[in-house]
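Beneath this line is the structure, given in structure tokens, with notes to follow.
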Amino acid sequence: MASGVKPRVKVPKTAAAGDSITIKTLISHKMESGQRKDGDGNVIPQSIINRFTCDFNGENVVDVEMKAAISTNPYFEFQAMVPEAGEFKFTWYDDDGDVYDTTKKIAIG
Amino acid sequence: MKKLTGILLASTLATPLFAEAVDDTLVLNEEIKMVTRTAAPAHMAEEVDEIISGWHFRGKETRAMQADDFDNPGMIFVEKGEDSWNKVEGSEGKSCASCHGDSASMADVRPVYPKYNEAAGEVRTLEMQVNDCRENQMGAEKLGYTSGSMANMTALLASVSRGKPVNVAIDGPSSATWEAGKELYYARTGQLELSCASCHEANYGNMIRADHLSQGQINGFPTYRLKNTKLNSVHARFKGCVRDTRAQTYKPGSAEFVALELYVASRGNGLSVEGPSVRN
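Heads up: the protein sequence lines correspond to chains A and B, in order. Number 287 marks the last residue of the first sequence (our numbering); no jumps. Number 308 marks the last residue of the second sequence (our numbering); no jumps.
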């Protein structure tokens with residue numbers, strides 16, 4: 179597992195049914211582009227988060243494919259409509275095969 | 029019509045409105061109201077009327093980024109600092125928390141540093157004090173003065189003090205160091221013969237090519253810079269500035285930079301601690 183990788187998510191605790199809410203996500207990751215060379219001139223292999231998804235009660239909300247030009251600690255902010263109480267699931271896929279996920283519950287009220 | 033455009037253009041050039049310190053209020057997490065501009069402390073009142081945080085000299089998006097902890101990338105490093113605050117290191121089997129407890133209990137520390145240390149008989153920066161603790165209390169390796177681990181630690185200590193006013197002592201045993209710092213602040217250096225004051229006192233608010241000059245306040249350090257996506261410590265910033273005057277720079281952690289840090293910090297007495305701030 180890559181070191182120092184930690185997902186963070188900010189979701190309101192409650193929302194009115196049918197309301198659009200703002201979700202902020204960030205994962206700390208160095209996002210090594212694969213374009214750089216080390217002191218000896220060898221290419222530092224690419225190591226990035228290549229995909230990010232968000233699901234709500236099993237239904238996909240966003241699915242993002244990332245490439246080498248995304249900078250360190252990728253941050254996504256997006257809006258989602260909340261039809262009912264439930265759980266958001268956030269998943270990040272690392273080049274090295276690791277998958278990081280976190281969930282947030284939201285209530286209607 | 030062409031003539032009219034010329035007049036318009038000339039008047040725009042004469043009053044570069046975009047370069048003024050922006051009128052805005054920084055409220056952290058919709059909770060803590062920060063003092064980002066206030067009356068200048070007495071020792072510099074002849075030169076400057078009002079002291080203004082660098083926050084006012086940055087763009088709207090950058091300012092917003094600092095106002096919310098989730099959006100502030102500097103907070104990632106604060107979390108790392110918190111991890112090392114609680115991590116046992118060195119021969120004594122202690123962490124920072126073993127003696128100091130919760131990091132939040134350190135809220136009164138950042139605002140008064142650099143500070144005179146009685147036992148050592150010298151003015152010490154926060155970095156020097158952290159390393160003193162590590163070496164003599166924990167029996168651990170010192171951290172590099174401008175290293176990432178050190179910046180994480182100073183970011184943590186600044187973050188728990190946010191909203192408290194900078195209040196460094198400049199009299200008594202600190203006065204000799206403070207005078208030395210003042211001397212450096214006004215000393216012109218390098219091939220460009222610029223002093224700190226040339227840009228940050230005489231020309232703040234103006235543009236230096238594409239850069240918007242601030243007052244060079246350090247209440248927001250360590251600073252997360254968008255250009256290098258990491259925390260930048262005060263001495264690293266000093267070094268960058270001195271280098272830009274095309275001079276040989278002092279070393280981070282040197283007596284000269286410690287004195288300069290005390291003096292520059294005293295120019296911000298009254299502004300809220302903002303670290304880790306966000307700048308470009």
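Where is the CB? At the ideal position from N, CA and C, for every residue including glycine. Quick caveat: nothing in here was measured; it's all calculated off a predicted structure.
Exercise for the section: Closer than 7 angstroms, Cβ to Cβ, to anything on chain A: give me those residues from the region 246–268 of chain B, in chain order. Expected result: Thr257
Problem - Residue range of the beta strand (DSSP E) that includes Glu265/A - result: 264–272
Problem - Reference Pro321/A, options Ala285/A, Ile205/A, Thr281/A, Ala263/A, closest by Cα - result: Because chain A in this structure spans residues 179 to 287, residue 321/A falls outside the shown range and cannot be described.
Handout entry: Alpha carbon of Lys278/B to alpha carbon of Leu220/B, nearest angstrom
Key = In the sequence on display, residue 278/B carries Tyr and not Lys. Rounded to whole angstroms, Tyr278/B and Leu220/B show a C-alpha spacing of 17 angstroms.
Exercise for the section: Work out the CA separation of Trp83/B and Ala38/B for me, nearest whole Å. Expected result: Note that Ala38/B scores 45 on pLDDT, short of 50, meaning its location in the model is unreliable; the coordinates nonetheless yield the value given after this. Their Cα atoms are separated by approximately 29 angstroms.
Problem - Secondary structure of Ala360/B, DSSP reduced to three states - result: A query on residue 360/B cannot be resolved here, the shown segment of chain B reaching from 29 to 308 and no further.
Practice task
Check the Cβ-Cβ distances between Pro304/B and every residue of chain A, and say whether any is below 9 angstroms.
Solution key: no
Exercise for the section: Consider the Cβ of Gly182/A: report whether some Cβ of chain B lies at a distance smaller than 9 angstroms. Expected result: Chain B contact via Cβ: present.
Problem - Beta-carbon spacing of Met181/B, Val158/B below 9 angstroms - result: Inclusion of Met181/B and Val158/B in the CB contact set at 9 angstroms is warranted, their separation being smaller than that value.
Practice task
Provide the residue(s) that pair with Arg307/B in DSSP beta bridges, ordered along the chain.
Solution key: Arg253/B
Exercise for the section: For the alpha helix (DSSP H) containing Tyr253/A, list its first residue and its last residue. Expected result: Looking at the DSSP string, Tyr253/A is not in any alpha helix (DSSP H); the run it does join, the beta strand (DSSP E), is 253–260.
Practice task
Would you please verify whether the beta carbon of Thr280/A is less than 9 angstroms from any beta carbon of chain B?
Solution key: no
Practice task
Can you have a look at Ser187/B and say buried or exposed, based on whether 16 or more other CB atoms are within 10 angstroms of its CB?
Solution key: Flag for Ser187/B reads buried.
Handout entry: Selected residue, minimal CA-CA separation from Met178/B, among Gly209/B, Gly298/B, Gly281/B
Key = Gly281/B
Practice task
With a 10 Å radius around its C-beta and 16 neighbouring C-beta atoms as the bar for buried, classify Met134/B as buried or exposed.
Solution key: buried
Exercise for the section: Consult DSSP for Arg186/A and reduce its assignment to one of helix, strand or coil. Expected result: strand
Problem - Extent of the continuous beta strand (DSSP E) to which Gly88/B belongs - result: First, the amino acid is wrong: residue 88/B is Lys here, not Gly. It is not in any beta strand (DSSP E) - Lys88/B instead sits in the alpha helix (DSSP H) that spans 88–95.
Problem - Secondary structure of Ser300/B, DSSP reduced to three states - result: strand
Problem - Every unbroken beta strand (DSSP E) within the region 260–289 of chain B, with a cutoff of 3 residues, ordered by chain - result: none
Exercise for the section: Go ahead and pull the three-state DSSP assignment for Asn145/B. Expected result: strand
Exercise for the section: Report buried or exposed for Asn220/A, applying the criterion of at least 16 other Cβ atoms within 10 angstroms of its Cβ. Expected result: exposed
Practice task
Taking a Cβ distance cut-off of 8 angstroms, strictly less, list which residues of the region 196–219 of chain A are near chain B, in chain order.
Solution key: Lys202, Leu204, Ser206
Practice task
Locate the alpha helix (DSSP H) running through Cys224/B, then write down its first and last residues.
Solution key: 224–228
Exercise for the section: Output, in chain order, the set of chain B residues within a Cβ distance shorter than 9 angstroms of Ser225/A. Expected result: Those within 9 angstroms of Ser225/A in chain B number zero; the least Cβ separation is about 16 angstroms.
Handout entry: Three-state secondary structure (DSSP) of Leu37/B
Key = In this prediction, Leu37/B scores a pLDDT of 45, lower than 50, which makes its location untrustworthy; no coordinate-derived value is stated.
Practice task
Give me whichever residues DSSP pairs with Ser203/B in a beta bridge.
Solution key: None; Ser203/B has no bridge partner.
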